[in-house]
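Heads up, the sequence shown stops at 962 in the numbering used here, and the numbers go up one at a time, no gaps.
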Amino acid sequence: MTTAEPRLPAPPVTTTDVLKATALLLIVVDHVGHFLADDWGILRVIGRLGVPIFFFLIGFARNRDVPWSWPALGILLTGVDYLSLGSLENVQLNILFNFAAIRLALPLVERFLALSFLRLALLLLVCALLLPLVNPWLEYGAEGWLFAAFGLMHRKAIADASFKPLRDLSGLVAFVIYAVVEQRDYGFALPNTVFLVLGLAAIAMILRDFRRGDSIIQPPSGLRRALRFCGRHSLEIYAAQIVLLAALGSLWSTDGNDTETGDADDQAA
(Lines of atoms letter the chains of each structure in order from A and count residues from 1; the text may use other names and numbers.)
(Lines give C-alpha, C1' and ligand atoms only; values in the text may rest on other atoms or scores of the structure.)
Protein backbone atom coordinates (compact mmCIF):
# COMPACT_ATOMS: atom_id res chain seq x y z
CA MET A 1 0.00 0.00 0.00
CA THR A 2 1.43 3.33 -1.05
CA THR A 3 0.79 6.64 0.62
CA ALA A 4 0.09 9.63 -1.61
CA GLU A 5 2.63 12.39 -1.25
CA PRO A 6 1.20 15.56 0.29
CA ARG A 7 0.64 18.37 -2.18
CA LEU A 8 3.13 21.16 -1.75
CA PRO A 9 1.66 24.54 -0.84
CA ALA A 10 1.43 27.11 -3.62
CA PRO A 11 4.29 29.60 -3.88
CA PRO A 12 3.56 33.08 -2.52
CA VAL A 13 1.49 35.55 -4.52
CA THR A 14 3.40 38.60 -5.71
CA THR A 15 2.20 42.18 -5.82
CA THR A 16 2.37 41.97 -9.63
CA ASP A 17 0.02 38.96 -9.57
CA VAL A 18 -2.44 40.92 -7.43
CA LEU A 19 -2.31 43.97 -9.70
CA LYS A 20 -2.83 41.93 -12.87
CA ALA A 21 -5.71 39.94 -11.35
CA THR A 22 -7.33 43.19 -10.21
CA ALA A 23 -6.97 44.72 -13.66
CA LEU A 24 -8.44 41.59 -15.27
CA LEU A 25 -11.46 41.65 -12.95
CA LEU A 26 -12.12 45.32 -13.70
CA ILE A 27 -11.81 44.74 -17.44
CA VAL A 28 -14.14 41.72 -17.36
CA VAL A 29 -16.75 43.95 -15.69
CA ASP A 30 -16.20 46.49 -18.47
CA HIS A 31 -16.66 43.90 -21.21
CA VAL A 32 -19.79 42.52 -19.56
CA GLY A 33 -21.16 46.05 -19.86
CA HIS A 34 -19.96 46.36 -23.44
CA PHE A 35 -21.26 43.07 -24.79
CA LEU A 36 -24.20 42.19 -22.51
CA ALA A 37 -25.47 45.26 -20.66
CA ASP A 38 -24.60 48.41 -22.55
CA ASP A 39 -27.29 50.39 -20.72
CA TRP A 40 -25.50 49.90 -17.38
CA GLY A 41 -23.08 52.80 -17.52
CA ILE A 42 -21.53 51.99 -14.14
CA LEU A 43 -20.02 48.80 -15.58
CA ARG A 44 -18.13 50.82 -18.18
CA VAL A 45 -16.96 53.24 -15.48
CA ILE A 46 -15.59 50.36 -13.40
CA GLY A 47 -13.82 49.00 -16.46
CA ARG A 48 -12.02 52.30 -17.05
CA LEU A 49 -10.07 51.66 -13.84
CA GLY A 50 -8.34 48.52 -15.09
CA VAL A 51 -6.64 49.88 -18.22
CA PRO A 52 -4.06 52.15 -16.50
CA ILE A 53 -2.76 49.20 -14.50
CA PHE A 54 -1.74 47.18 -17.55
CA PHE A 55 -0.01 50.09 -19.29
CA PHE A 56 1.73 51.05 -16.04
CA LEU A 57 3.11 47.52 -15.69
CA ILE A 58 4.30 47.52 -19.32
CA GLY A 59 6.35 50.63 -18.57
CA PHE A 60 7.50 49.39 -15.17
CA ALA A 61 8.79 46.02 -16.40
CA ARG A 62 12.39 45.55 -17.48
CA ASN A 63 11.46 42.88 -20.03
CA ARG A 64 11.45 44.28 -23.58
CA ASP A 65 10.62 41.09 -25.48
CA VAL A 66 7.39 40.98 -27.50
CA PRO A 67 5.94 37.44 -27.53
CA TRP A 68 4.54 36.24 -30.84
CA SER A 69 1.20 35.72 -29.09
CA TRP A 70 0.67 39.46 -28.67
CA PRO A 71 0.25 40.34 -32.37
CA ALA A 72 -1.49 37.01 -33.00
CA LEU A 73 -4.07 37.65 -30.29
CA GLY A 74 -4.26 41.27 -31.37
CA ILE A 75 -5.30 40.22 -34.88
CA LEU A 76 -7.87 37.79 -33.45
CA LEU A 77 -9.41 40.36 -31.12
CA THR A 78 -9.46 43.08 -33.77
CA GLY A 79 -11.40 40.61 -35.92
CA VAL A 80 -13.80 39.93 -33.05
CA ASP A 81 -14.31 43.67 -32.73
CA TYR A 82 -15.08 43.91 -36.45
CA LEU A 83 -17.62 41.08 -36.26
CA SER A 84 -19.22 42.66 -33.20
CA LEU A 85 -19.56 46.08 -34.83
CA GLY A 86 -20.45 44.75 -38.27
CA SER A 87 -18.32 47.32 -40.12
CA LEU A 88 -14.83 48.80 -40.24
CA GLU A 89 -16.02 52.31 -39.42
CA ASN A 90 -15.30 52.23 -35.68
CA VAL A 91 -12.88 49.31 -35.48
CA GLN A 92 -9.62 50.00 -33.64
CA LEU A 93 -6.46 47.93 -33.55
CA ASN A 94 -6.57 45.91 -30.35
CA ILE A 95 -4.78 47.10 -27.21
CA LEU A 96 -2.20 44.29 -27.60
CA PHE A 97 -0.70 46.12 -30.59
CA ASN A 98 -0.30 49.15 -28.33
CA PHE A 99 1.41 47.01 -25.68
CA ALA A 100 3.81 45.64 -28.30
CA ALA A 101 4.63 49.07 -29.74
CA ILE A 102 5.33 50.50 -26.28
CA ARG A 103 7.55 47.61 -25.27
CA LEU A 104 9.59 47.93 -28.48
CA ALA A 105 9.95 51.71 -28.09
CA LEU A 106 10.69 51.88 -24.36
CA PRO A 107 14.48 51.37 -24.59
CA LEU A 108 14.70 54.40 -26.89
CA VAL A 109 12.29 56.39 -24.70
CA GLU A 110 14.28 55.54 -21.58
CA ARG A 111 17.55 56.71 -23.12
CA PHE A 112 15.91 59.88 -24.43
CA LEU A 113 14.35 60.87 -21.11
CA ALA A 114 17.33 60.25 -18.82
CA LEU A 115 16.91 62.54 -15.78
CA SER A 116 15.44 65.49 -17.67
CA PHE A 117 12.28 67.33 -16.67
CA LEU A 118 12.15 69.15 -20.02
CA ARG A 119 12.44 65.95 -22.06
CA LEU A 120 9.71 64.28 -20.03
CA ALA A 121 7.48 67.35 -20.45
CA LEU A 122 8.12 67.21 -24.21
CA LEU A 123 7.18 63.52 -24.36
CA LEU A 124 3.97 64.10 -22.40
CA LEU A 125 3.07 67.06 -24.62
CA VAL A 126 3.65 65.05 -27.80
CA CYS A 127 1.47 62.21 -26.48
CA ALA A 128 -1.30 64.67 -25.61
CA LEU A 129 -1.14 66.26 -29.08
CA LEU A 130 -1.25 62.86 -30.77
CA LEU A 131 -4.44 61.77 -28.97
CA PRO A 132 -6.88 62.86 -31.73
CA LEU A 133 -4.67 61.30 -34.42
CA VAL A 134 -3.85 57.96 -32.80
CA ASN A 135 -6.83 57.10 -30.60
CA PRO A 136 -9.38 56.63 -33.42
CA TRP A 137 -7.47 53.64 -34.85
CA LEU A 138 -5.54 52.24 -31.85
CA GLU A 139 -7.16 51.25 -28.55
CA TYR A 140 -6.16 53.68 -25.81
CA GLY A 141 -3.67 55.16 -28.29
CA ALA A 142 -1.44 57.82 -26.76
CA GLU A 143 -3.13 57.48 -23.35
CA GLY A 144 -1.40 54.13 -22.96
CA TRP A 145 1.99 55.71 -23.63
CA LEU A 146 1.37 58.23 -20.84
CA PHE A 147 0.74 55.45 -18.33
CA ALA A 148 3.76 53.51 -19.60
CA ALA A 149 5.89 56.62 -19.01
CA PHE A 150 4.46 56.76 -15.48
CA GLY A 151 5.45 53.13 -14.91
CA LEU A 152 8.96 53.73 -16.29
CA MET A 153 9.48 56.80 -14.11
CA HIS A 154 8.18 54.93 -11.06
CA ARG A 155 10.71 52.14 -11.56
CA LYS A 156 13.48 54.71 -11.80
CA ALA A 157 12.18 56.59 -8.76
CA ILE A 158 12.42 53.42 -6.67
CA ALA A 159 16.11 53.16 -7.53
CA ASP A 160 16.87 56.90 -7.48
CA ALA A 161 14.81 59.43 -5.50
CA SER A 162 15.81 62.13 -8.00
CA PHE A 163 13.19 60.70 -10.35
CA LYS A 164 10.28 61.16 -7.92
CA PRO A 165 9.21 64.60 -9.27
CA LEU A 166 9.28 63.20 -12.82
CA ARG A 167 7.29 60.18 -11.67
CA ASP A 168 4.66 62.38 -10.03
CA LEU A 169 4.40 64.68 -13.07
CA SER A 170 3.95 61.79 -15.50
CA GLY A 171 1.34 60.15 -13.26
CA LEU A 172 -0.64 63.37 -12.81
CA VAL A 173 -0.69 64.12 -16.53
CA ALA A 174 -1.60 60.53 -17.45
CA PHE A 175 -4.56 60.27 -15.08
CA VAL A 176 -5.95 63.76 -15.77
CA ILE A 177 -5.85 63.29 -19.55
CA TYR A 178 -7.27 59.77 -19.28
CA ALA A 179 -10.19 60.95 -17.11
CA VAL A 180 -10.99 63.79 -19.52
CA VAL A 181 -10.80 61.59 -22.64
CA GLU A 182 -12.88 58.76 -21.17
CA GLN A 183 -15.56 61.17 -19.91
CA ARG A 184 -15.69 62.83 -23.31
CA ASP A 185 -15.90 59.52 -25.18
CA TYR A 186 -18.56 57.92 -22.97
CA GLY A 187 -20.51 60.95 -21.77
CA PHE A 188 -20.95 59.57 -18.24
CA ALA A 189 -23.61 61.11 -16.02
CA LEU A 190 -22.40 63.19 -13.07
CA PRO A 191 -22.56 60.36 -10.44
CA ASN A 192 -20.61 58.05 -12.74
CA THR A 193 -18.10 60.80 -13.49
CA VAL A 194 -17.51 61.33 -9.77
CA PHE A 195 -17.04 57.57 -9.34
CA LEU A 196 -14.58 57.55 -12.25
CA VAL A 197 -12.48 60.38 -10.83
CA LEU A 198 -12.41 58.93 -7.31
CA GLY A 199 -11.62 55.46 -8.63
CA LEU A 200 -8.78 56.73 -10.81
CA ALA A 201 -7.38 58.69 -7.85
CA ALA A 202 -7.34 55.48 -5.81
CA ILE A 203 -5.63 53.55 -8.63
CA ALA A 204 -3.06 56.35 -8.97
CA MET A 205 -2.15 56.13 -5.29
CA ILE A 206 -1.90 52.34 -5.44
CA LEU A 207 0.42 52.47 -8.43
CA ARG A 208 2.52 55.25 -6.91
CA ASP A 209 3.18 53.05 -3.88
CA PHE A 210 3.69 49.85 -5.91
CA ARG A 211 6.72 47.72 -5.11
CA ARG A 212 7.52 44.40 -6.70
CA GLY A 213 7.74 41.50 -4.24
CA ASP A 214 5.63 39.04 -2.30
CA SER A 215 2.22 40.35 -1.28
CA ILE A 216 1.87 41.20 2.43
CA ILE A 217 -1.45 39.32 2.52
CA GLN A 218 -1.20 35.71 1.35
CA PRO A 219 -4.57 34.03 0.63
CA PRO A 220 -5.23 30.27 0.98
CA SER A 221 -3.24 27.94 -1.27
CA GLY A 222 -5.98 27.43 -3.86
CA LEU A 223 -6.55 31.15 -4.32
CA ARG A 224 -2.79 31.73 -4.47
CA ARG A 225 -2.57 29.30 -7.39
CA ALA A 226 -5.43 31.11 -9.15
CA LEU A 227 -3.85 34.54 -8.62
CA ARG A 228 -0.46 33.35 -9.81
CA PHE A 229 -2.10 31.83 -12.90
CA CYS A 230 -3.79 35.18 -13.62
CA GLY A 231 -0.49 36.97 -13.16
CA ARG A 232 1.37 34.74 -15.58
CA HIS A 233 -1.36 34.36 -18.21
CA SER A 234 -3.16 37.70 -17.89
CA LEU A 235 -3.18 38.56 -21.60
CA GLU A 236 -4.37 35.11 -22.65
CA ILE A 237 -7.20 35.38 -20.09
CA TYR A 238 -7.93 38.88 -21.38
CA ALA A 239 -8.28 37.53 -24.92
CA ALA A 240 -10.37 34.52 -23.89
CA GLN A 241 -12.93 36.57 -21.96
CA ILE A 242 -13.40 38.94 -24.91
CA VAL A 243 -14.08 36.05 -27.29
CA LEU A 244 -16.46 34.41 -24.81
CA LEU A 245 -18.39 37.59 -23.97
CA ALA A 246 -18.57 38.63 -27.63
CA ALA A 247 -20.06 35.22 -28.49
CA LEU A 248 -22.56 35.48 -25.62
CA GLY A 249 -23.42 39.01 -26.71
CA SER A 250 -24.05 37.84 -30.25
CA LEU A 251 -26.34 35.03 -29.02
CA TRP A 252 -28.09 37.46 -26.67
CA SER A 253 -28.68 39.90 -29.52
CA THR A 254 -29.92 37.11 -31.83
CA ASP A 255 -32.34 35.79 -29.21
CA GLY A 256 -33.60 39.28 -28.56
CA ASN A 257 -34.19 39.92 -32.26
CA ASP A 258 -35.96 36.58 -32.61
CA THR A 259 -38.22 37.41 -29.66
CA GLU A 260 -39.05 40.84 -31.04
CA THR A 261 -39.80 39.35 -34.46
CA GLY A 262 -42.03 36.72 -32.89
CA ASP A 263 -43.93 39.33 -30.90
CA ALA A 264 -44.42 41.43 -34.04
CA ASP A 265 -45.72 38.40 -35.95
CA ASP A 266 -48.15 37.59 -33.14
CA GLN A 267 -49.42 41.15 -33.10
CA ALA A 268 -49.83 41.14 -36.88
CA ALA A 269 -51.76 37.86 -36.70
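Glycine is no exception: its CB is placed at the ideal position from the N, C-alpha and C atoms.
The structure presented is a predicted model; accordingly, all values stated were derived computationally and were not measured.
The alpha carbon of Leu801 has as its nearest neighbour, out of Ala940, Ala842 and Val773, the alpha carbon of Ala842. Pairing Asp861 with Ser943, the inter-Cα distance amounts to about 43 Å.
Residue pairing by DSSP places Leu831 opposite Leu786 in a beta bridge. DSSP places Ala867 inside the alpha helix (DSSP H), whose first and last residues are Lys857 to Tyr879.
DSSP, reduced to helix, strand and coil, places Asp853 outside both helices and strands of the structure shown, so it counts as coil. In the three-state reduction of the DSSP assignment, Asp710 falls in the helix class. In the structure shown, Asp731 adopts coil according to DSSP, grouped into three states. Residue Phe888 holds the alpha-carbon nearest to the alpha-carbon of Ala872 among Leu859, Arg755, Ile935 and Phe888.
The alpha carbon of Pro705 has as its nearest neighbour, out of Ile899, Ala894 and Ser914, the alpha carbon of Ser914. No residue range can be given for Ile910, since it is assigned to no alpha helix (DSSP H) and is classified by DSSP as neither H nor E.
Only residues of its own chain outside the window of five on either side were considered, and among them Ala703 have a CB closer than 6 Å to the CB of Arg918, listed in chain order. Here the alpha carbon of Arg741 sits roughly 10 Å from the alpha carbon of Gln876.
Annotated three-state conformation of Asp723 is helix, per DSSP. Cβ neighbours of Leu769 within its own chain (closer than 6 Å, five residues either side excluded): none. Taking a cut-off of 8 Å on C-beta distances, the region 830–849 touches the region 740–760, as three or more cross pairs fall below it. Judged by DSSP in its simplified three-state form, His847 adopts helix. Ser927 places its beta carbon 8 Å or farther from that of Leu766. Collapsing the DSSP output to three states places Gly772 in a helix. For Pro745, the enclosing alpha helix (DSSP H) starts and ends at Val744 to Phe753. Annotation for Thr771: Val784, Leu786 and Asn787 place their beta carbon closer than 7 Å to its own, counting only its chain and skipping 5 residues before and after.
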